[in-house]
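Colleague: Residue numbers (the numbering used here), protein chains in the order written: chain A, 1 to 271; chain B, 1001 to 1271. In this text, a Cβ means the ideal position worked out from N, Cα and C, and glycines have one as well. Source: prediction; values computed, not measured.
Number of protein chains: 2
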Amino acid sequence: MPTTPDTAFDRATALTPTAGGFTTELDPGWDVGGGVLNGGYLLAVVARAAVEVSPHAHPVALSASYLRAAAPGPATLAVTPGPAGRTLQHAVVVLSDPGGPAVSVQVTTATLHDVAAEHSVPPPAATPVEDCFSIAEHAHLAPPGVQVPGLSQRVETRLDPLTAGWALGQPGAEPVMRAWLRFADGREPDPLGLVAFTDALPPTSWATGRFGWAPTVQLQTLVRAVPAPGWCLVEARGGEASDGWVDEDYRVWDSTGRLVAQSRQLARLPR
Amino acid sequence: MPTTPDTAFDRATALTPTAGGFTTELDPGWDVGGGVLNGGYLLAVVARAAVEVSPHAHPVALSASYLRAAAPGPATLAVTPGPAGRTLQHAVVVLSDPGGPAVSVQVTTATLHDVAAEHSVPPPAATPVEDCFSIAEHAHLAPPGVQVPGLSQRVETRLDPLTAGWALGQPGAEPVMRAWLRFADGREPDPLGLVAFTDALPPTSWATGRFGWAPTVQLQTLVRAVPAPGWCLVEARGGEASDGWVDEDYRVWDSTGRLVAQSRQLARLPR
Chain A
1 MPTTPDTAFD RATALTPTAG GFTTELDPGW DVGGGVLNGG YLLAVVARAA
51 VEVSPHAHPV ALSASYLRAA APGPATLAVT PGPAGRTLQH AVVVLSDPGG
101 PAVSVQVTTA TLHDVAAEHS VPPPAATPVE DCFSIAEHAH LAPPGVQVPG
151 LSQRVETRLD PLTAGWALGQ PGAEPVMRAW LRFADGREPD PLGLVAFTDA
201 LPPTSWATGR FGWAPTVQLQ TLVRAVPAPG WCLVEARGGE ASDGWVDEDY
251 RVWDSTGRLV AQSRQLARLP R
Chain B
1001 MPTTPDTAFD RATALTPTAG GFTTELDPGW DVGGGVLNGG YLLAVVARAA
1051 VEVSPHAHPV ALSASYLRAA APGPATLAVT PGPAGRTLQH AVVVLSDPGG
1101 PAVSVQVTTA TLHDVAAEHS VPPPAATPVE DCFSIAEHAH LAPPGVQVPG
1151 LSQRVETRLD PLTAGWALGQ PGAEPVMRAW LRFADGREPD PLGLVAFTDA
1201 LPPTSWATGR FGWAPTVQLQ TLVRAVPAPG WCLVEARGGE ASDGWVDEDY
1251 RVWDSTGRLV AQSRQLARLP R
């Protein structure tokens, strides 16, 4: 592993090796409100642990079950690697806080190469970043009961006005959100950072005016390419909402318009 | 659990309880060619094991790492349940053949209720099933090197001619396939059957004339509702293809047009 840069994200995902895994200190600053840590942040910690024990450089697929909310503070990561192949390695990583297991993850690591895509998913038409608005700077516009989370101070989140009516008192009909994301301290995106970005927006149900916490039950994140420096465009789209369950799809494009990550999660609908 | 009906699918996924899990007999008839068992079939066996030990009735989310091809014949399922909640239960299931672990899965079980969707994904326009054609009955049309797999004799697969040019010597530009599916012996679909359906079509790369095996690396399947009896419409869509990797999205609608299951997988592109 190269030397880890000294940024908020790298500090918050730093690991100390132990027998069978790592210890870490979960940073309370990566919350989504109410002291609950962001699922993408937790998954990035897991991804770093898997890469550390792999002969390959990048997390390419992570499938996580969120067993319960992990508490900020000390945590352990138990890593059980599978056999390493020439192309990829599988591992199971369990993140536990003092209360027990919190996130259980199937991780696949591999090495992504800088080659052109054969078939690609182009980015949607989005408002240029300079015409978007920051969640953190518009805290006074937040809907009643909605806190501006610590996450939005770590990950600069500029909402596309076309899908941000909910933040201005005018929810829309479709559960879709778009935003430009970058680390607030200028850290450039990389595959580990992308993992965090694939669960970094508010629940898509907020776009339709249904506020409240939407706990993730399972989240699958795929990292498809090493991102170019600069802003990432993120689109989250709710699919079927039924019987208390909703699925959300994230797609992330880098500053060159290349699809670099995607995720799907099953979550509980806000009540 | 209710009495298991005597159908090909239920026999092929039957389990015998043991300490810590189950044994099963993987049926060589559910292959995708070359003696390789279908990933959806294996995932259905895993789903049945998770439901057996859960207080809840249905598999709602499964995220699987395919470690290596599982051999037909005797296999074991080690089930490690998490704490059971009122709404859902998580578990980890590892399916092993005599050679070792083959599939490692995060499973969430819950009970799906018969309620209307709040936001739904309508089915695509598809050719009526009576105007579609059967993979199994058109074996003579299979492209060179393409075997008609056992799977297509267990799961009746009627390809929509609009996306089946590849089977008639005229591959298309888009990696998309649609087909109507039902169990060949008349067994009606249910949540376990849907799990198998979310990985039941040929690789979407075949639609563009790129034949060959596309091994699944990770697969996430979500079951969203108990399906109505009758044919299911399945659409598989390839996304980003790059650097030897491809993602595929499946959506499954029941005979009433309701979205009942979906999946996403990361696979290796055929060479």
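By alpha-carbon positions, which one of A:V155, A:G82 and A:V176 ends up nearest to G165 of chain A?
Modeller: Ranking A:V155, A:G82 and A:V176 by Cα distance to G165 of chain A puts A:V176 first.
Colleague: With 16 as the cutoff for other CB atoms within 10 Å, does V1060 of chain B come out buried or exposed?
Modeller: Answer is buried; the Cβ neighbour count reaches 16.
Colleague: In the structure shown, what three-state DSSP assignment does S120 of chain A receive?
Modeller: Coil at S120 of chain A, not helix or strand.
Colleague: Could you check whether the Cβ of G238 of chain A sits closer than 8 Å to any heavy atom belonging to the ligand NAP?
Modeller: The model on display carries no ligand, and the ligand NAP is accordingly not part of it.
Colleague: Excluding sequence positions up to five away, which residues of its chain have a Cβ less than 8 Å from the Cβ of R264 of chain A?
Modeller: So the qualifying residues of the chain are L219, Q220, D247, E248, D249 and Y250.
Colleague: Which partner residues does L1015 of chain B have in the DSSP bridge list?
Modeller: Beta-bridge pairing links L1015 of chain B to no other residue.
Colleague: Output needed in chain order: residues of the stretch 1077-1094 of chain B with a Cβ under 8 Å from some Cβ in chain A.
Modeller: Those residues of the stretch 1077-1094 of chain B that come within reach of chain A (Cβ to Cβ, closer than 8 Å) are G1082, P1083, T1087, L1088, H1090 and V1092.
Colleague: Spatial neighbours of L1162 of chain B within its chain, please: CB distance less than 8 Å, with the 5 preceding and 5 following residues excluded, ordered by chain position.
Modeller: So the qualifying residues of the chain are A1126, T1127 and R1178.
Colleague: Find the residues of chain B that neighbour L222 of chain A, judging by a C-beta separation of less than 7 Å, and give them in chain order.
Modeller: Going along chain B in sequence order, the residues near L222 of chain A (Cβ under 7 Å) are D1247 and L1266.
Colleague: Mind pulling the chain A residues with CB within less than 8 Å of L1067 of chain B?
Modeller: Within 8 Å Cβ-Cβ: G82, P83 and H90.
Colleague: Taking 9 Å as the CB-CB cut-off, is L259 of chain A touching chain B?
Modeller: With 9 Å as the cut-off, L259 of chain A counts as an interface residue toward chain B.
Colleague: Could you please give the first and the last residue of the uninterrupted beta strand (DSSP E) stretch that includes R1251 of chain B?
Modeller: R1251 of chain B -> beta strand (DSSP E) spans W1245 to W1253.
Colleague: Based on Cα-Cα distance, which residue from B:G1238, B:W1231, B:A1241 and B:S1242 lies nearest to W1253 of chain B?
Modeller: Among B:G1238, B:W1231, B:A1241 and B:S1242, the Cα nearest to that of W1253 of chain B belongs to B:W1231.
Colleague: Between P1171 of chain B and chain A, is any beta-carbon pair separated by less than 9 Å?
Modeller: It does not: the Cβ of P1171 of chain B has no partner Cβ on chain A nearer than 9 Å.
Colleague: Hey, is the stretch 1198-1212 of chain B in contact with the stretch 67-87 of chain A, meaning 3+ C-beta pairs nearer than 8 Å?
Modeller: No contact exists between the stretch 1198-1212 of chain B and the stretch 67-87 of chain A.
Colleague: When DSSP labels each residue in this structure, what does G1040 of chain B get in the three-state scheme?
Modeller: Correct three-state label for G1040 of chain B: helix.
Colleague: Taking C-beta pairs closer than 8 Å, name the residues in chain A that L1112 of chain B reaches, listed in chain order.
Modeller: Those are D243, listed as they occur along chain A.
Colleague: What's the C-alpha gap between S1065 of chain B and A1091 of chain B?
Modeller: Cα-Cα distance, rounded: 14 Å.
Colleague: Is A19 of chain A buried or exposed, if buried means 16 or more other CB atoms sit within 10 Å of its CB?
Modeller: Per the 10 Å Cβ criterion, exposed.
Colleague: Hey, quick one: how far does the beta strand (DSSP E) through P191 of chain A stretch, first residue to last?
Modeller: Premise fails: P191 of chain A lies in the alpha helix (DSSP H), P191 to F197, not in any beta strand (DSSP E).
Colleague: Below 8 Å on the Cβ atoms is my contact criterion, and I expect L1112 of chain B with A1070 of chain B to pass it. Report the Cβ-Cβ distance as a whole number of Å.
Modeller: Not confirmed; about 28 Å, so no contact.
Colleague: Who are the near neighbours of E1156 of chain B in its chain, counting only those whose CB is closer than 6 Å to its CB and skipping five residues on each side?
Modeller: Hits under 6 Å: R1182 and A1184.
Colleague: Which residues mark the beginning and the end of the beta strand (DSSP E) in which R1178 of chain B is found?
Modeller: Where R1178 of chain B is concerned, the enclosing beta strand (DSSP E) stretches over V1176 to F1183.
Colleague: Bridge partners for T204 of chain A per DSSP, in chain order?
Modeller: The partner list for T204 of chain A (beta bridge, DSSP) is empty, contrary to what the question assumes.
Colleague: So L15 of chain A packs on F22 of chain A, CB below 8 Å; how close in whole Å?
Modeller: About 4 Å; that satisfies the 8 Å criterion.
Colleague: Taking only beta-carbon atoms, is V1217 of chain B less than 9 Å away from chain A?
Modeller: By this cut-off, V1217 of chain B is an interface position.
Colleague: L26 of chain A lies in the alpha helix (DSSP H); which residues open and close that run?
Modeller: Counting along the chain, L26 of chain A falls outside any alpha helix (DSSP H), though it belongs to the beta strand (DSSP E) covering G21 to L26.
Colleague: Check each candidate in A:P191, A:G209 and A:L266 and name the one with the smallest Cα separation from V1223 of chain B.
Modeller: Per the Cα distances, A:L266.
Colleague: Is F133 of chain A helix, strand or coil when you go by DSSP?
Modeller: Correct three-state label for F133 of chain A: strand.
Colleague: Buried or exposed: where does L1168 of chain B fall if 16 or more other Cβ atoms within 10 Å of its Cβ makes it buried?
Modeller: Exposed, because fewer than 16 other Cβ atoms sit within 10 Å of the Cβ of L1168 of chain B.
Colleague: Answer yes or no: do A136 of chain A and V121 of chain A have a C-beta to C-beta separation smaller than 9 Å?
Modeller: It is not a contact, given that the beta carbons lie outside the stated cut-off.
Colleague: Quick check on this structure: which residue in B:A1116, B:V1093, B:D1114 and B:E1025 has the alpha carbon closest to the alpha carbon of Q1106 of chain B?
Modeller: Among B:A1116, B:V1093, B:D1114 and B:E1025, the Cα nearest to that of Q1106 of chain B is on B:V1093.
Colleague: Taking all protein chains shown into account, decide if G1073 of chain B is buried (16 or more other Cβ within 10 angstroms of its Cβ) or exposed.
Modeller: Its Cβ having fewer than 16 others within 10 Å, G1073 of chain B is exposed.
Colleague: Excluding five sequence neighbours on each side, which residues of the same chain lie with their C-beta closer than 8 Å to the C-beta of S1255 of chain B?
Modeller: Excluding residues within five positions, the ones whose Cβ falls inside 8 Å are P1227, A1228, P1229, G1230, W1231 and C1232.
Colleague: Determine the direct distance from the alpha carbon of R187 of chain A to that of D31 of chain A, and round the result to whole angstroms.
Modeller: About 19 Å.
Colleague: When DSSP builds the beta bridges, which residues end up paired with P101 of chain A?
Modeller: DSSP, once it has assigned bridges, lists A:S96 as partnering P101 of chain A.
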